[in-house]
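Participant:
Residue numbers (the numbering used here): 1 to 231.
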């Protein structure tokens, strides 16, 4: 199994204790590298907090990771509205790290061949497998799962709810992108307007910089220079 080893267990735990038992834990579960063809497995990281859980209600909140690393604070920081809502509702709290980010590495490297498995279709199946696994682990009889996310992860939350309505009771997407396009020029236009309100010279310099980078990407020498600049 690629990435972090999960031994032969379905779920592997490590965490820290707090008063009243374990409140925040880091754990891993087995996922398929390709949910549609292969059986090769890897270990996906997640965090959970059972401090506020009221048995019988079977409410579970799941924060979805996007293009970044997740940490324990997502399930323990009571300043976060997500955690506050869980406390009010007596919910189990989970945060699932997206494949290929943080410690959730399905493959040994990030070659183009391996990056074919980095897409929203696979991520949605990761979410479904995760929910099914947690239902079994926590013996949730009539679970009410609410998934949360922001930006790309917000899109995942809504897409997962759309595909698996029988599994996910609701979804909260903050600033989700619901119409994927290759040329989303409106986003650049909005950013340009914001920069110009602060400093028109700054906006012009950013525009010039991006144009220069586009030119450099057009030849091998330029690509090599860019690679060196951003290492």
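Using N, Cα and C, we set each Cβ at its ideal position, and we do this for glycine too.
Predicted, not measured: the structure shown is a model, and the values here were computed from it.
Kindly indicate which residue of 61, 26 and 226 has the alpha-carbon position closest to the one of residue 169.
Facilitator: Nearest of 61, 26 and 226 to residue 169, Cα basis: 61.
Participant: DSSP on residue 164, reduced to helix/strand/coil?
Facilitator: The answer is coil: DSSP assigns residue 164 none of H, G, I, E or B.
Participant: Among the residues of its own chain, which have a CB less than 8 Å from the CB of residue 215, if the five just before and after it don't count?
Facilitator: Excluding positions up to five away in sequence, the list reads 222.
Participant: Counting beta carbon pairs with one atom in the segment 66-74 and one in the segment 101-113, are three or more of them shorter than 8 Å?
Facilitator: Cβ pair count under 8 Å is three or more, so yes.
Participant: Let me know if residue 63 comes out buried or exposed under the rule of 16 or more other beta-carbons within 10 Å of its beta-carbon.
Facilitator: Residue 63 comes out buried.
Participant: Can the beta-carbon of residue 150 be found less than 7 Å from the beta-carbon of residue 156?
Facilitator: For residue 150 and residue 156, no; Cβs fall outside 7 Å.
Participant: Under 6 Å Cβ to Cβ from residue 183, same chain only, skipping five residues before and after it: list those, please.
Facilitator: Once the five neighbours on either side are set aside, residue 183 has no close Cβ partner at all.
Participant: Can you name the residues that DSSP bridges to residue 60?
Facilitator: Residue 60 pairs with 92 and 145.
Participant: Check the DSSP bridge columns for residue 152 and list the partner residues they point to.
Facilitator: Paired residue(s): none; residue 152 is not in a bridge.
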